[in-house]
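Engineer: Protein chains in written order, with UniProt numbering: chain A, 1 to 348; chain B, 1 to 348.
There are 2 protein chains.
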Amino acid sequence: MTVTIKDVAKAASVAPSTVSRVISDSPRISDRTKDKVREAMKQLGYHPNFNARSLANQTTKTIGVIMPNSANKTFQNPFFPEVIRGISTKAHQLEYGLYLSTGQSDEEIFEEVQHMVQGKRVDGIILLYSKVNDKVMKYLHEQNFPFTLIGRPYDETVRGVSYVNNDNFKAAKTVTEYLLLLGHKRIAFVGGNLDYVVTIDHMEGYRRALNNAGIEVCDDYIVFHEELQEGGQEAVIDLMSLSERPTALIVADDIMTFGVMRMLSEMEVNVPDDISIISFNNVMISELSAPPMTTVDINIYSLGYEAANLLIDKILHPNIEARKILIPHKMIKRQTCRRLVESAKKTV
Amino acid sequence: MTVTIKDVAKAASVAPSTVSRVISDSPRISDRTKDKVREAMKQLGYHPNFNARSLANQTTKTIGVIMPNSANKTFQNPFFPEVIRGISTKAHQLEYGLYLSTGQSDEEIFEEVQHMVQGKRVDGIILLYSKVNDKVMKYLHEQNFPFTLIGRPYDETVRGVSYVNNDNFKAAKTVTEYLLLLGHKRIAFVGGNLDYVVTIDHMEGYRRALNNAGIEVCDDYIVFHEELQEGGQEAVIDLMSLSERPTALIVADDIMTFGVMRMLSEMEVNVPDDISIISFNNVMISELSAPPMTTVDINIYSLGYEAANLLIDKILHPNIEARKILIPHKMIKRQTCRRLVESAKKTV
DNA sequence: AAAGTATGTGAAACCCTTTACAATAGAACG
DNA sequence: CGTTCTATTGTAAAGGGTTTCACATACTTT
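#1: Kindly provide the ranges of any alpha helix (DSSP H) runs that are 4 or more residues long and lie completely inside the segment 184–241 of chain A, ordered along the chain.
#2: Specify whether the segment 305–324 of chain B and the segment 286–295 of chain A touch according to this definition: at least 3 beta carbon pairs, one from each stretch, less than 8 Å apart.
#3: Helix, strand or coil: how does DSSP classify B/LYS314 here?
#4: For B/GLY64, decide whether its Cβ has a neighbour in chain A, counting only Cβ atoms nearer than 7 Å.
#5: What whole-angstrom Cβ distance do B/VAL197 and B/LYS131 have, given they're in contact under 8 Å?
#6: Taking CB distances under 7 Å as the criterion, tell me whether B/LYS120 reaches chain A.
#7: Between the segment 35–53 of chain B and the segment 7–17 of chain B, do three or more beta carbon pairs fall short of 8 Å?
#8: With B/LEU100 as the anchor, note down where its beta strand (DSSP E) starts and where it stops.
#9: Write down every uninterrupted run of the beta strand (DSSP E) in the segment 73–123 of chain A whose length is 3 residues or greater and which is fully enclosed by it, in chain order.
#10: Taking CB distances under 7 Å as the criterion, tell me whether B/ALA56 reaches chain A.
#11: Going by beta-carbon coordinates alone, are A/ILE109 and A/VAL65 separated by less than 7 Å?
#12: From the DSSP secondary-structure annotation, give me the bridge partner or partners of B/ASN57.
#13: Tell me the residue span of the alpha helix (DSSP H) that contains A/ALA172.
#14: Report yes or no: is there a C-beta of chain A within less than 7 Å of the C-beta of residue 430 of chain B?
#15: Looking only at its own chain, which residues have a Cβ that is under 8 Å from the Cβ of A/PRO78, when we skip the five neighbours before and after it?
#16: Kindly indicate if chain A contains any beta-carbon less than 7 Å away from that of B/SER70.
#17: Using a Cβ cut-off of 7 Å, which residues of the segment 73–88 of chain B contact any Cβ in chain A, in chain order?
#18: Could you tell me whether the Cβ atoms of B/HIS92 and A/THR74 are closer together than 7 Å?
#19: Decide yes or no for the touch test of the segment 331–340 of chain A against the segment 254–273 of chain A: beta carbon pairs closer than 8 Å, at least 3 of them.
#20: For A/PHE145, does the three-state DSSP call read helix, strand or coil?
#21: By the three-class DSSP mapping on this structure, what secondary structure does B/ASN51 have?
#22: Would you please verify whether the beta carbon of A/GLY192 is less than 7 Å from any beta carbon of chain B?
#23: For B/LEU303, count neighbouring C-beta atoms within 10 Å of its own C-beta (all shown protein chains included) and say buried if the count is 16 or more, exposed if not.
#24: Given this structure, state the Cα-to-Cα distance separating B/HIS184 from B/ALA213, to the nearest angstrom.
#25: Any idea if B/VAL158 is buried or exposed, counting beta-carbon neighbours within 10 angstroms, 16 or more meaning buried?
#26: Is DSSP giving A/GLY151 helix, strand or coil here?
#27: Are the C-beta atoms of A/LYS346 and some chain B residue less than 7 Å apart?
#28: Consult DSSP for B/GLY64 and reduce its assignment to one of helix, strand or coil.
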């Protein structure tokens with residue numbers, strides 16, 4: 001049926017091992033023989049069998065990409081195609097393939113990871129999320145299996161975890177300071193799922209900035225929501241029902257901001273005249289909102305690219321020590337923030 | 001090092017073949033033996049080696065997913081995570097894994113597909129796009145390798161291609177008719193890349209509706225753009241520069257519509273008062289535009305789900321004949337279309 | 001008691017490559 | 001001319017399973 005190395009060997013009247021060596025371009029084979037074998041390979045249309053190769057080599061040249069639980073809509077966030085594009089680019093350069101997780105629940109995902117690892121289906125794994133107390137991460141760490149995190153481990157004292165992250169604490173702090181400088185005092189924080197480390201870092205940055213400015217953190221101004229659009233919308237309802245409405249919002253994610261802005265517009269609250277908004281990620285469409293949103297570009301593509309780089313490095317040099325990469329972020333000022341004029345909003 | 005089937009066999013004092021039979025739950029093994037072997041597997045923490053299995057079985061339980069050329073931004077369209085979610089769900093149900101293409105250019109992708117197929121890395125392939133004269137499709141067809149298309153082959157006379165598609169012709173026709181009923185006569189069409197079959201189908205539907213209504217199709221009203229946001233923006237510039245501006249726009253994709261609406265808002269052209277818009281896909285955020293957009297829901301998730309279903313069927317029953325599945329679409333009326341009042345726009 | 005039939009198990013071949021080791025031939029050397 | 005190198009190629013085992021075939025039981029049947 002299929003053309004194997006033996007067929008090529010026969011056709012070129014050499015031993016299978018010779019063919020194998022020609023494939024890996026071993027210097028121990030004479031040029032004459034190489035030519036002869038290559039000719040035969042072309043004639044017969046030979047392609048190496050991937051599985052046999054992996055088996056003999058104990059290496060798959062494949063990296064496993066673990067997406068978060070896809071039950072909720074988080075998944076539709078353009079964040080994912082973009083990280084994957086980054087991962088994909090680097091992987092392709094180094095001739096690695098990508099194997100995607102398909103599990104829907106945390107439990108399913110965990111099982112899948114076990115299979116990937118124990119079944120030697122991939123050489124390493126990239127986790128596209130960082131959760132607090134993540135079973136998957138714990139497992140990979142225990143198994144001493146090559147992996148990198150996008151984000152950071154919740155407990156940074158855990159040694160030996162490579163990750164690539166933004167300085168989310170700093171980004172959130174800066175963003176809050178920016179709003180403070182614009183004269184805002186009642187700044188609310190609309191976070192994502194609290195199980196994710198990024199949410200915690202954002203919140204800490206926000207708190208710190210407020211503390212530094214001597215402003216008391218008001219619990220009513222801090223809300224969390226898992227779902228992207230719906231979450232954004234519910235957050236707005238909660239916040240706008242307060243007797244003292246916030247004058248500015250820090251929102252965890254651009255997509256959530258779309259939800260927020262939609263709801264605000266239904267309530268006829270004008271952005272940025274009545275309320276300022278700043279969010280995170282700068283996905284492609286965030287410049288297309290009405291008005292275009294001010295957000296923090298976190299360089300999603302690089303996050304993926306560097307994660308792949310780190311991982312493959314680890315695969316190739318297992319004894320290399322863990323590295324942490326910080327991808328720079330950058331505030332992109334567009335049109336959802338405005339300076340608060342002193343007297344103005346005194347009348348609530 | 002790793003626990004193999006032989007270790008299990010020894011521990012349970014049976015032959016390796018017996019262990020193998022237990023794994024595949026063969027009816028020829030007594031329950032007592034099965035229990036004994038399973039106990040041993042658990043004790044030793046045995047997991048079957050995937051590559052060895054694939055090699056012996058000649059089957060990988062993996063399906064290859066080919067994304068379009070990721071050089072341009074098309075990729076960031078939330079369409080992709082959503083189809084993949086559909087594919088992923090079905091694949092997971094039937095215990096198939098997903099292997100993703102990483103090539104950036106058409107040429108790279110083609111090579112990759114060749115490797116996947118010849119190297120027996122996957123059991124079947126799903127093409128996430130349908131292009132005119134697609135080399136990849138041609139190749140898969142020639143090789144008689146199991147694959148399904150999302151979209152449809154340009155040349156439908158090619159026998160034996162399974163695909164899942166929307167009736168894009170009909171959707172575009174309906175949408176055009178809808179605008180006609182609202183009193184629009186100057187309806188423009190902003191299409192995607194003309195290499196994609198979907199673009200052609202949309203255009204044909206549009207033309208047909210106009211013809212049926214006895215309205216001459218004006219070439220100036222038909223524009224195409226590859227890029228999503230930029231494309232949308234450029235299209236608007238072109239159309240709004242015409243002496244007779246269109247009163248309604250049919251846009252190929254929701255993301256593009258975001259670009260269109262952004263540009264329109266910069267020009268201070270009001271949607272829907274000055275111009276009506278209707279587009280396709282209904283991705284998650286399309287309800288979050290300002291105003292929320294009227295669009296055609298094409299059920300992206302099902303597209304993926306059914307494609308996986310079709311493919312796996314084909315893999316399992318190679319002699320089954322090719323099937324075509326049409327996923328129903330549905331117009332979602334939101335707020336970007338309005339009735340044209342007779343007298344109104346006469347003054348251009 | 002002999003023959004026939006399930007049922008359970010083991011040995012060995014096979015899937016395709018890689019690789020350690022062996023073998024051969026020709027070149028260089030004394 | 002015999003010996004030692006060196007360059008090149010071959011042989012066989014390993015990598016971890018699956019599958020076929022044949023054999024050994026135990027149980028019916030006549």
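The beta-carbon is built from N, C-alpha and C at its ideal position, and this holds for glycine as well.
Structural biologist: Taking the coordinates as given:
#1: 197–212, 229–240
#2: no
#3: helix
#4: no
#5: 7 Å
#6: yes
#7: yes
#8: 97–100
#9: 97–100
#10: no
#11: no
#12: Beta-bridge pairing links B/ASN57 to no other residue.
#13: 168–181
#14: Because chain B in this structure spans residues 1 to 348, residue 430 of chain B falls outside the shown range and cannot be described.
#15: ILE255, VAL283, MET284, ILE285
#16: yes
#17: LYS73, PHE75, GLN76, PRO78, PHE80, PRO81, GLU82, ARG85, SER88
#18: no
#19: yes
#20: coil
#21: helix
#22: no
#23: buried
#24: 11 Å
#25: exposed
#26: coil
#27: For A/LYS346, the predicted structure reports a pLDDT of 45, less than 50, and the residue's modelled location is therefore unreliable. A value from the coordinates is still provided. Cβ-Cβ to chain B under 7 Å: no for A/LYS346.
#28: strand
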